[in-house]
Each structure stands twice: as structure tokens, then as C-alpha cells.
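Residue numbers (our numbering): 6 to 92.
See the structure below:
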């Protein structure tokens, strides 16, 4: 597990707590949801949202973060490494 996210309904909103062992910068993910924190500990509060809608927003933020972390293949990289990255 690279990171964990806990979302709890509080009134008409959802509070999110995120933790990472360091490989995932949860600060960036939580900032995209209007929150903040540090690389390994961050949080956000989403107001006037259902838990289902909050889950969708969290997933979108995670997907966007993961996409932003993809590195383009280098021309000097060995062919075997290029194939490994492509899956």
C-alpha cells in the first residue's frame, strides 16, 4: 500500500485524512481538493457533498496525481526498461 485515505461524513460534508509512507505525496492530492498538509500527512474538508460524491472526487484527484507522476521515456534508456515501463 502506497497511501491511505479515510473519509468521514461530518454534517453535510466529508472530512478526508490521507497518509503515505513517502512514495505518494498526499499533500498534492489533498491540495487539489482544497486541503493541505505535508508529503506524508494531509487532509481536506469538503462541504455540502455526499460521501459518494466525495469518493468520486478523491478518486479523480488520485488519478490526476498518478498521471502527473508518469515520466516520459528517455531516448537513452535501454529497450528492456522501456518495455518494462509500458507494462
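Idealized CB from N, CA, C, for every residue including glycine. None of the values given here were measured: they were computed from a predicted structure.
Distance CB(residue 12)-CB(residue 66) smaller than 8 Å: no
So, helix, strand or coil for residue 21, using DSSP? strand
Helix, strand or coil for residue 14? Go by DSSP, reduced to three states. strand
State the start and end residues of the unbroken alpha helix (DSSP H) segment that holds residue 69. 56-73
Could you tell me the alpha carbon to alpha carbon distance between residue 50 and residue 68, rounded to whole angstroms? 19 Å
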